[in-house]
Structures are given as structure tokens and as C-alpha cells.
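Encoded as C-alpha cells, the structure appears first; notes follow it.
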Amino acid sequence: MLCVLTIEGQVLSSTHIREPIVIDGKLNDSVWQEILQPLPLTQRELYEGRPSTHPTFVGIAHDDKNLYIAVKCLQPREKITAFELARDFNVQLDDVFYILLDTYNDKRNAFVFYTNPVAARGDYQVFDNGKVANFNWNGVWDVKTSIDSTGWNAEFVIPFITLRFEDINGQNPWGLNFERNIRYLREQSLWQGWKRDSRLNLVTNAGQLMLNNLPQSKGFAEVKPYGISGVGGATTASDQLVWQNLFNAGLDINYLFNPSYRLNITVNTDFAQIESDRQQVNLTRFPLFFPELREFFLEGQDFFDMGFGGDRIIPFYTRRIGLDSNYQPIPILAGIRLLGKSSGTTLGALSIQTGRTDAAIPENFSAFSIRRDVGIQSTIGGMSIFRINEQYAHTTTGINFRYSTAQFLGSKNLNVGGAIIGTATTGVPMNHNNVAYRFFLQYPNDKFNVFLSTQRAGEGFEPKVGLMRRRDFNEYFVILNWQPRPNPHGSWKWIRQFIFSPGSITITNINEGNTLQTFEYTILPFGMETRSGESIFLYASRQAEGIFVPFDIFSTITIQPGEYWFTRYSAEVSTFRGRKMWFQSRYSTGGFFHGVRNELALDVNIRTSRFFQFTVQNTYTRSDFDLDGFSVFLTALRMRYAFNPNLFGFILGQYNNATYEYLINYRLQWIPFPGADFFFIANQSLRRAENGQLAINAVNVMGKLIWRFVI
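Quick note: the sequence shown, position 67, residue 67 per the UniProt record's numbering, numbers continuous.
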């Protein structure tokens with residue numbers, strides 16, 4: 001039985017089909033001939049409210065296993081832009097078509113799938129109505145495309161096992177939205193939520209997709225074993241390079257209780273294919289933040305978000321798991337995770353057991369979270385985190401809430417939220433100093449953007465599975481941006497938007513005595529983005545740092561206790577990233593404690609073809625003080641290559657003159673079919689020896705195969 005797709009206002013409807021569909025991107029199947037219909041898209045950029053310049057057609061069908069979406073994008077063939085082939089490609093470079101699926105229809109969370117005219121695949125997850133996006137999520141799905149004289153076509157096939165959804169009386173109303181970007185026009189158009197105060201990730205403004213007879217599979221299991229083989233070498237204290245054979249094997253199991261809840265089990269987890277961390281030099285007295293890159297911890301990350309923004313307080317920092325204080329791997333023996341949502345209640349549970357090394361003892365890390373939807377977009381929830389080993393038992397527990405609306409003053413966005421958490425460790429007394437909190441108000445709209453927040457951490461607050469960049473502090477933050485748009489038909493029509501900020505203020509005090517620790521007042525007297533894609537921003541800031549304990553910012557420079565006030569100026573310039581060559585640069589100058597610091601950052605990207613792309617990122621910092629000074633130079637050279645959407649990789653080289661260290665990271669990835677991966681990885685670390693020659697710190701070369709079975 002085939003039911004023709006209907007498009008009525010904000011609702012699309014499709015029913016079950018039984019005819020086989022050949023996924024080749026050509027849209028020749030009879031089902032598409034019957035249900036492909038015009039999709040009314042409206043511009044968000046460049047001209048808000050106008051119909052999209054080129055017509056778009058869409059068709060949706062599903063069988064017992066998959067959701068199929070066909071798209072026909074009309075435009076002159078010679079104007080089609082498609083330079084990217086790799087997975088999760090740079091969307092600023094190409095024509096792109098996006099599909100957003102709010103499978104729980106909760107107007108908060110969604111899956112997004114996108115492609116370009118040459119079938120490059122990209123996907124991510126959206127949480128909290130666009131507040132958070134997990135761009136590292138990789139679902140199991142496929143897309144094929146074709147280009148003809150009328151434009152380009154795409155055929156998406158998304159297995160239902162990739163998604164989580166809830167069956168309601170045999171019907172499944174999902175949130176749905178589409179976005180099309182036409183690069184040569186710099187045009188962005190959406191089906192729903194096309195106003196500039198909205199965007200694709202604002203799930204609450206999505207339309208509806210009505211589906212019937214979806215599979216309610218139970219007891220389904222996806223098994224993904226992996227194997228690694230290779231060689232590795234490390235330099236000993238006597239400068240001898242010692243080699244060893246590398247072999248490892250493990251298993252990931254995804255068990256689907258029902259379409260709403262999924263259980264993940266991992267055994268002997270390995271992350272050999274993960275890209276190296278970007279080199280950083282710390283010129284502050286606070287620890288650096290490194291983002292999570294491991295897929296197991298990235299999936300479902302929002303389930304364990306306790307409502308603290310920024311990097312001052314991160315109660316659950318998963319890089320504490322499986323990595324020591326020097327970010328060296330600790331074996332993960334096994335882990336289990338349950339994620340799901342039903343009847344407006346979101347549940348997340350996680351438990352990881354790590355092994356013993358010379359630098360670490362065995363530990364168990366666990367977390368449990370529950371979050372309840374309130375109203376259309378708001379939530380309230382709680383979470384507990386545990387760390388248990390032979391030395392102590394620790395828990396971090398808290399509650400959080402968030403009120404969100406897209407109808408404030410008619411059609412504006414408003415978010416208000418907060419969180420309160422406390423920590424407890426065996427042998428450590430509990431009192432009010434073990435508590436931290438954060439409250440915020442956000443007005444994130446196109447013309448005006450306002451954000452206010454306050455947060456506090458007590459002297460005894462210490463999340464042992466978290467990251468604290470500061471301790472024992474009160475912080476207040478305010479920012480106001482005014483972002484007017486010139487008349488698109490006036491003398492300033494070449495400017496898309498101005499950005500002005502009368503000020504952003506950050507005040508951080510030490511709780512004891514309310515003593516100033518950090519003050520920063522920054523103004524943006526001028527900023528603009530052109531319709532051709534260029535931008536320029538000018539900043540000025542007045543800063544203060546209260547130092548209570550001496551600290552070293554370089555081998556020869558020590559900052560003594562005292563209160564330091566200084567002024568800094570900076571400028572940022574960038575060109576349109578859709579060109580074959582683009583760059584962005586930032587220069588800052590001014591005071592730095594009792595000295596002067598000048599910093600220049602320059603990133604250059606050159607795209608020779610859709611197969612090869614080169615990026616050079618350089619940062620040079622020169623700091624001068626009364627009797628001494630130092631220079632820091634960081635550089636990274638990356639070559640990305642892609643032979644087709646299923647075979648791609650990169651070579652990354654980094655140099656840090658502060659440590660005289662060279663890092664080389666090479667990766668080739670082959671996707672034989674969706675869900676399976678083969679990686680060839682080579683990593684090398686070099687240092688400059690006392691005699692000036694390069695010496696090897698460590699090197700490894702390996703292959704990793706991940707295969708997928710469904711049972």
C-alpha cells in the first residue's frame with residue numbers, strides 16, 4: 001500500500017510502503033514518481049522572508065526497517081558547489097541539504113542528517129532545543145546523490161535502529177524540518193522556523209511528520225567487535241628506542257529494549273583512532289581544558305549535563321575516566337550505559353571500570369541522571385556521579401532546571417536556568433562549603449543578545465570526576481550585544497549585519513574576604529559581517545588579576561603576588577570560507593601583568609580540489625617583562641584528503657617551541673558499509689635533544705577493524 005505524501009501547512013504525512021527502493025540518488029523508483037512534491041522553503045539569509053531562489057522537491061516513505069527521504073534541488077548545474085567528500089564535512093564550503101528529526105516529538109532534542117551534491121555524509125545530535133549539539137555523533141545511515149542538467153538529487157536511507165522514538169497508539173508524530181543552503185548565493189532557507197530569531201537547531205519551531213506502522217522491535221542487538229594489530233616504540237631513560245608488538249581486541253554491544261531505550265556494553269574499550277589533542281601553551285595559573293574526543297563518551301553526553309555552562313565548573317568531565325593526570329591512557333576494562341526517554345522522562349545511567357597501571361589504581365566511575373520535561377520546552381532534573389577506589393569513595397550530586405520559551409514578547413527566545421550541586425568524599429567533613437551553584441538568564445535573538453549569570457563554588461567543593469579551573473570563588477558575568485542589519489536595498493546593502501557590544505563584564509572574587517581574583521571589561525566598538533562572507537571585529541578590554549601565590553608562566557618568568565591592572569586591544573579578520581582559499585587572523589596587544597604581550601594568530605586554508613585540502617594554523621606570542629621575556633610559537637599543518645565519501649583521512653603535524661616537541665598524526669579511514677570501519681593509524685612524537693638533533697619520544701603504527709553484526 002502506498003499513501004501519497006501530503007504537505008499541509010506545518011505537517012507532512014507519509015505511510016508505510018512495500019515496494020523496494022533502490023538507493024542510487026537518481027530518484028527513478030516509482031514511489032518517488034508518485035509522492036515527490038514541492039517543498040516550500042523560505043529564506044533566513046540573505047533576504048529574510050523571501051521564497052528560496054531555486055525550487056526544492058521532497059518525498060518521504062518508510063518500510064519496516066528504514067526511513068527514506070528523497071530530495072530534488074533545482075539550480076543551474078554550473079552553479080552547483082561541492083568540494084567536500086569526508087564524513088562530517090565543512091558545511092560552509094558547499095551546497096548542503098539538512099534533515100532534522102525530532103523523533104520523540106518533545107520539541108527539545110533531535111537528530112540532524114545532511115549531505116552535499118557529491119554524497120558526503122554529516123550528522124549530529126541536538127539537545128535542549130539547540131542549547132547543545134553533539135557534532136561527534138556518527139549514526140548508521142547512508143545517502144546517495146546524482147547531478148543532472150536540472151540540479152542535484154539526494155536519497156537518504158536512515159535505519160530505525162539508528163534512532164530512538166516512542167510509539168503513541170500506533171502513530172508516531174515526529175518533529176521535522178529541512179534546511180537548504182545554496183552556496184553561490186550565500187542563501188539559507190528553511191521549511192519552518194526561518195525567521196532570524198530562529199534556526200534549524202531550535203527544535204521547537206520544527207514542523208510535524210506523521211508516520212504509521214513503525215516497527216516496535218524488542219530484543220534487537222547490534223554487536224561491534226574490533227581488533228587492533230601493529231607495532232609501537234618508546235624511548236627509555238637511556239635514549240634507547242624499544243619496540244613491542246601491539247595487539248588488542250574488544251567488543252561493543254548495543255541492545256535495544258524497545259525504540260525508546262538502548263543499552264550499551266563495552267568490553268576492553270579502545271580509542272586508537274582518536275585524533276591527537278591540539279597543542280596548547282598555558283600562560284595562566286589555571287588548568288587547561290581539552291575537549292572530549294572519544295566516541296563512547298560523546299554519545300549521549302547531554303544525558304549527563306548538570307546545567308553548568310562554560311569551563312569554570314564542569315561537574316562531569318569524562319576525560320577523568322580512562323586517562324591519567326598527564327592524559328595517558330588507563331585501560332577501560334568494561335562499561336555499561338543505558339540511555340532513553342519515555343513519557344517525557346529522560347534517563348541516563350553509566351558505569352565504567354578502569355584497570356591498574358604504574359600511575360593509576362583500579363577505579364569505578366558511575367553516573368545516574370533523570371530529567372523531566374515541563375511545559376513545551378522547559379526541564380527539571382537531577383544527577384549523581386560516583387568515583388570509588390581503594391582509597392576513597394566520592395559522590396557529586398545536584399539538581400538543575402531550565403525554563404525556555406520561543407514566544408517571549410510574541411516571538412523572541414528566552415532562557416532562564418540554574419543548578420545546585422554538592423560533593424562528598426570519605427574522610428572530608430560536609431558543610432555549606434562543599435556546594436556550588438549557577439544561575440543564568442539568556443535572551444538570544446538576532447537583533448539583541450543578552451546573557452547574565454552568577455556562579456559560586458565553596459572552598460570544599462571538589463568534583464573528583466569533574467574539572468575545576470578555579471576554586472573557592474564567586475563570579476558574575478554580563479554581556480549585551482546589539483546586532484542591527486542594514487537595509488538590503490540601501491547604500492549599506494553589502495553589509496549583512498553589524499555587531500556592537502557596549503560591554504561584557506566578568507568579575508571573579510575569592511570567597512574569603514571577597515578579594516578580587518579576576519576582572520575583565522570588554523567592549524566591541526565595531527564588528528560587521530558582509531553579504532559576501534567576510535567579517536571584522538575590533539575589541540578593547542580592561543583587565544585585572546589578583547595573585548596570591550607566585551606562579552610560573554614560562555621557565556624564566558615568575559608572577560609575584562599582587563594586583564595587576566592592564567589594558568589590551570585586539571582585532572579579528574576573516575574571509576569567506578566558501579572560497580578555494582580563505583584565512584582568518586587575530587592580533588592582540590597591550591599589557592600583561594607587569595609586562596607587555598603581543599599575539600598574532602593566522603589560519604590559512606587552501607582547497608586544491610574536492611580531494612585535497614591544506615590548513616596551516618600558527619600562533620605567535622611575544623611577552624616582555626622588566627628583565628626578561630619569552631616567545632611562544634605553535635604551529636599545526638593539516639592535510640585532509642578524501643578519495644570518495646567512504647575513503648578519507650588526514651595528516652596532522654604540530655610543533656610547540658615551549659616544549660620543543662613535534663607531533664605527527666596520520667589516519668586513513670575506510671567505511672566498507674555503514675556501521676563498519678577500518679582505520680590505519682600512525683603516530684609519532686619527536687623532541688629536540690640537547691645536541692640539537694631530533695630524537696624519537698614514541699611511535700606507533702597500527703590497523704584497527706570495527707565490524708557490525710545484527711542479531
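Just so it is clear, CB atoms sit at the ideal spot from N, CA and C, and this is done for glycine as well.
Would you kindly work out how many angstroms separate the C-alpha atoms of residue i and residue j, rounded to a whole number?
i: Q75; j: S52; result: 11 Å
i: G340; j: A419; result: 22 Å
i: L323; j: P331; result: 8 Å
i: G675; j: G139; result: 8 Å
i: F625; j: F593; result: 9 Å
i: F448; j: Y476; result: 20 Å
i: E563; j: T589; result: 20 Å
i: G494; j: E45; result: Checking the sequence, you will find Trp at residue 494 rather than Gly. Rounded to the nearest angstrom, the two C-alpha atoms are 13 Å apart.
i: S14; j: N205; result: 20 Å
i: L347; j: Y587; result: 46 Å
i: M1; j: I321; result: Summary for M1: the model assigns pLDDT 39, below 50, so the residue's position carries little reliability; its value from the coordinates is reported in the next sentence. Their backbone Cα atoms lie some 51 Å apart in a straight line.
i: F286; j: L524; result: 26 Å
i: R607; j: T81; result: 13 Å
i: Q279; j: S404; result: 37 Å
i: T115; j: I651; result: 24 Å
i: I591; j: N474; result: Checking the sequence, you will find Gly at residue 591 rather than Ile. Looking at the two C-alpha atoms, the distance is approximately 25 Å.
i: L41; j: R87; result: 26 Å
i: F451; j: I553; result: 32 Å
i: L333; j: R262; result: 21 Å
i: G232; j: Q328; result: 15 Å
i: residue 725; j: W243; result: Nothing can be reported for residue 725: it is not among the residues displayed for the chain, which extend from 1 to 711.
i: G546; j: T284; result: 12 Å
i: I60; j: V31; result: 9 Å
i: R708; j: Y641; result: 25 Å
i: I228; j: L211; result: 42 Å
i: W174; j: L12; result: 10 Å
i: R456; j: G310; result: 13 Å
Per DSSP, what are the beta-bridge partners of residue i in this structure?
i: I557; result: F554
i: A110; result: V126
i: F680; result: L668 and G703
i: A642; result: F648
i: N364; result: Q353 and I388
i: N449; result: P444 and N481
i: T397; result: S384 and G422
i: K224; result: D252
i: I505; result: V478 and Y521
Within the continuous alpha helix (DSSP H) that includes residue i, where are the two ends?
i: L298; result: E295 to L298
i: S30; result: S30 to I35
Contact criterion: CB-CB distance below 8 Å. Does residue i meet it with respect to chain B?
i: A406; result: Although the question refers to chain B, the structure presented lacks it and comprises just one protein chain.
Could you say which of the options lies nearest to residue i if we only look at CA atoms?
i: I399; options: Y317, F368, L409 and K412; result: F368
i: T567; options: I553, F303, Y539 and R579; result: Y539
i: G422; options: G460, L480 and N445; result: G460
i: L101; options: R77, G533 and E166; result: E166
i: V699; options: N691, I706 and R687; result: R687
i: R485; options: S491, V478, R496 and I479; result: R496
i: T506; options: T530, W492, A544 and N514; result: A544
i: Q654; options: Q483, T635, Y666 and R667; result: T635
i: D239; options: Q693, M702, I711 and A642; result: Q693
i: D305; options: T284, L256, L241 and I370; result: I370
i: residue 800; options: R387, Q377 and D373; result: Residue coverage of the chain in this structure runs from 1 to 711, which leaves residue 800 outside it and unanswerable.
i: H489; options: R531, R469 and E299; result: R531
i: I69; options: P502, P173 and V143; result: V143
i: R469; options: F498, T508 and M210; result: T508
i: E599; options: G466, T619 and Q125; result: T619
i: residue 715; options: L85, Q483, L27 and E48; result: In the structure displayed, the chain extends from 1 to 711; residue 715 sits before or after that span and is not available.
i: Q43; options: N431, G458, W191 and A234; result: W191
i: F648; options: F680, V632, S631 and R622; result: F680
For the beta strand (DSSP E) containing residue i, list its first residue and its last residue.
i: S574; result: G562 to S574
i: Q43; result: T42 to E45
i: D624; result: F612 to D624
i: F537; result: S535 to I547
i: R577; result: First-last for R577: undefined, no H or E at that position.
i: N264; result: Y261 to T269
i: M581; result: M581 to F592
*Report yes or no: do three or more beta-carbon pairs, one from the segment 131-140 and one from the segment 36-45, lie closer than 8 Å?*
no
*Three or more C-beta pairs closer than 8 Å, one from the segment 145-157 and one from the segment 177-190: is that the case here?*
no
_Inter-stretch contact (C-beta, 8 Å, three-pair minimum) for the segment 658-667 and the segment 93-110_ = no
*asked:* With three or more beta-carbon pairs closer than 8 Å as the criterion, would you say the segment 372-390 touches the segment 105-119?
replied: yes
*Any contact of the segment 289-302 with the segment 436-445, i.e. 3+ C-beta pairs under 8 Å?*
no
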